[in-house]
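Data block below; observations after.
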Amino acid sequence: MYDDEFELSTLPLAEAVAEAPPADLRAAVLAAAWGRREPGRPTTRPGRISSADAFERSVDDFYGLLASLGPEDGERHAHEDHGSVHDLVAHLTAVERLNQRWLDTEDEVELLPDHVAATRPTVEALAAVPFGEVVDQWHLAARGVVSAARDCPPSYPIVIHDIPGNVDVLLTLRIFELWAHAMDIAFATDRPLPVPDDERMLMMSSRLMRGVPGALLYRGAVVTGRTARFVLTGDAGGCYDVALDGGAVNGAEPDVTIIGDVVDVCRIAAGRLHPDGLDAVIEGDHELARLVLAHIDAFARD
Amino acid sequence: MKSVTATVETEYLGAMSERTAPGREVGLLARIRVGDECALAAVYDDYAPLVYGVARRVTRDEQLARDVCQEVFTYLWEFPEKVDLTRGPLRAFLAMIAHRRAVDEVRRSERRSRAETSSVELDVADDANGPETDVVDSAAARWRDERLAAVLDLLPEDQCAALRLAYFDGLTYLQVATRLGIPEGTAKSRLRLALARLRTLLDPEFRAVI
Numbered sequence: 007m008y009d010d011e012f013e014l015s016t017l018p019l020a021e022a023v024a025e026a027p028p029a030d031l032r033a034a035v036l037a038a039a040w041g042r043r044e045p046g047r048p049t050t051r052p053g054r055i056s057s058a059d060a061f062e063r064s065v066d067d068f069y070g071l072l073a074s075l076g077p078e079d080g081e082r083h084a085h086e087d088h089g090s091v092h093d094l095v096a097h098l099t100a101v102e103r104l105n106q107r108w109l110d111t112e113d114e115v116e117l118l119p120d121h122v123a124a125t126r127p128t129v130e131a132l133a134a135v136p137f138g139e140v141v142d143q144w145h146l147a148a149r150g151v152v153s154a155a156r157d158c159p160p161s162y163p164i165v166i167h168d169i170p171g172n173v174d175v176l177l178t179l180r181i182f183e184l185w186a187h188a189m190d191i192a193f194a195t196d197r198p199l200p201v202p203d204d205e206r207m208l209m210m211s212s213r214l215m216r217g218v219p220g221a222l223l224y225r226g227a228v229v230t231g232r233t234a235r236f237v238l239t240g241d242a243g244g245c246y247d248v249a250l251d252g253g254a255v256n257g258a259e260p261d262v263t264i265i266g267d268v269v270d271v272c273r274i275a276a277g278r279l280h281p282d283g284l285d286a287v288i289e290g291d292h293e294l295a296r297l298v299l300a301h302i303d304a305f306a307r308d
Numbered sequence: 008m009k010s011v012t013a014t015v016e017t018e019y020l021g022a023m024s025e026r027t028a029p030g031r032e033v034g035l036l037a038r039i040r041v042g043d044e045c046a047l048a049a050v051y052d053d054y055a056p057l058v059y060g061v062a063r064r065v066t067r068d069e070q071l072a073r074d075v076c077q078e079v080f081t082y083l084w085e086f087p088e089k090v091d092l093t094r095g096p097l098r099a100f101l102a103m104i105a106h107r108r109a110v111d112e113v114r115r116s117e118r119r120s121r122a123e124t125s126s127v128e129l130d131v132a133d134d135a136n137g138p139e140t141d142v143v144d145s146a147a148a149r150w151r152d153e154r155l156a157a158v159l160d161l162l163p164e165d166q167c168a169a170l171r172l173a174y175f176d177g178l179t180y181l182q183v184a185t186r187l188g189i190p191e192g193t194a195k196s197r198l199r200l201a202l203a204r205l206r207t208l209l210d211p212e213f214r215a216v217i
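Those protein sequence lines, which keep their order, are chains A and B.
Residue numbering for the first sequence follows my numbering, beginning at 7 and increasing consecutively.
Residue numbering for the second sequence follows my numbering, beginning at 8 and increasing consecutively.
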């Protein structure tokens, strides 16, 4: 019989016989298709993983990146607030130690609303410590967080600086944070920008979508009765209908549809991509899209 | 005929418009993969006339054409990763699947007919469904015939005849050869030359200069 080449070459013939289908065919075709695969369900979906597993993978990835650096890389400028790679890792060491305390159900930690200020004493204490040793200290502390997280119920309440949450929320924010700083270090040391594996990306993006109303509320954005549909493309992508005021999705047409790559949307949430840099298709209320994208990084703490 | 040919070629240029730009097709496929039903609806709106037209022309049966159309878009929804945009635009993929399914339908239908009435030979002539009585349908059909004639007019008569039999009647090389009373090798060669000419039509550089 004929091959693909034959049939692909006959497109002009096909175009020449194009004709409008019966008007009722559209609904029948779409209904038949959706009967085979429900709308909103991707053709393939990465496996689900726990937040503790996801965090452990992020720790491993981050350690792999740090282990590839030389002492001179530690001096490179990596971050506006934290300065060099060395000091950034020192900051993270303090974060891990604080997280261990938050995960200790018997430890009463005072409120520390400012993320950067809370880590400053440790950064100063580690300033003269060689880079390799700081890396080791961070790794030890991060492994401690992994262990503590596994021992703690996922719903155990934790106030993460000024965000009321629980162990799951903490680990999700930490996965975003480690990724953000991995991007900082990769950029500072001329390495390719890291991307978490699909399972983590799915976990991060689905939780981000759940957190959009909270992010808008946190920033004081008024979006009563408004809805958005996010079509996140890519291997870890998916479709998410979000009631922006935190209510129930009523099934009506969304006020805005934001179509963009799942990794890029998560990079915005991590504070590592400006919303204007998102290669997105916006359908509907563009102002609302701008508002939503401007606030989905509300929980990034750097 | 020259002016109609020019119109057809202009339509091909038009088909390279924003609606069918590669970036848009990549985006629509990515959206279909993650389950965005609006993307499938958009692809349907863009390409249903192409798919339905091929199906109708090959099957010469409205119900079969509807079935083929449904199969094609359902297949795309279920298996969007089968589309390889490096090999051709989405519309070429959809036309290809529509053609294959339509030919399959015709063959199934022929087998059923042979089983039911073994003494009656299936008539596969162009007017198998009888004259179209509806004025609008007739006008649309005439326009389609003109467009098709314009495309086929770009081919020598012997290649055109072979291509008609192969594409619209779904005949094999051997069946084309038998129908035209030529050796199978000659049938193959005529089809190859016809396809080469059609490929030229598909080439954007060629389109740009006409």
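Cβ coordinates follow ideal geometry from the N, Cα and C atoms, glycine included.
From a predicted model like this one, the values you see are computed outputs, not experimental measurements.
- Taking only the alpha-carbon atoms, compute the straight-line gap between B/F80 and B/L161 and give it to the nearest angstrom. 31 Å
- Message: To test your reading of the DSSP string, which unbroken beta strand (DSSP E) runs of 3 or more residues are found completely within the region 76-146 of chain A?
- Response: 83-85
- Query: Cα separation between A/W185 and A/L179?
  - Reply: 10 Å
- Could you tell me whether any Cβ in chain A is nearer than 8 Å to the Cβ of B/L200? no
- contact_flag[the region 158-172 of chain A, the region 73-81 of chain A] where n(CB pairs < 8 Å) is 3 or more: no
- Query: Is the region 52-60 of chain B touching the region 94-113 of chain B, taking contact as three or more C-beta pairs under 8 Å?
  - Reply: yes
- Report buried or exposed for B/A109, applying the criterion of at least 16 other Cβ atoms within 10 angstroms of its Cβ. buried
- Message: What residue range does the alpha helix (DSSP H) around B/E123 cover?
- Response: L97 to E123
- Message: At a CB distance below 7 Å, what residues from the region 66-90 of chain B approach chain A? Give them in sequence order.
- Response: R73, C76, Q77, F80, T81, W84, E85, P87 and E88
- Option nearest A/D142 by Cα separation, candidates A/T99, A/P18 and A/D30: A/T99
- What number of angstroms, rounded off, separates the C-alpha of A/D291 from the C-alpha of A/D261? 6 Å
- Query: What residues from chain A crowd round B/G34, counting only those whose CB sits closer than 9 Å?
  - Reply: T239, I265 and V287
- Query: B/S196: which of B/L181, B/L208 and B/T207 sits nearest, CA to CA?
  - Reply: B/L181
- Distance, Cα to Cα, A/M209 vs B/S120? 55 Å
- Message: Which same chain residues end up closer than 7 Å to A/P48 when comparing Cβ atoms and leaving out the 5 residues on each side of it in sequence?
- Response: G243 and G244
- Item | Range of the contiguous alpha helix (DSSP H) that encloses A/P219 | D204 to Y224
- Message: Per DSSP, what are the beta-bridge partners of A/E289 in this structure?
- Response: A/T263
- When the Cα atoms are used, what is the spatial distance from B/D152 to A/R296? 49 Å
- Item | Closer than 8 Å to chain E by CB, A/S15 | Annotation note: the requested chain E is absent from the structure, which comprises protein chains A and B.
- Query: Beta-carbon separation of A/M207 and A/V268 under 8 Å?
  - Reply: yes
- Task: Compare the beta carbon distance of B/V158 and A/A22 with 8 Å and say whether it is the shorter of the two.
- Result: yes
- Message: Can you confirm whether A/A315, when its beta carbon is compared against all beta carbons of chain B, has any partner nearer than 8 Å?
- Response: The question about residue 315 of chain A has no answer, for chain A in this structure spans 7 to 308.
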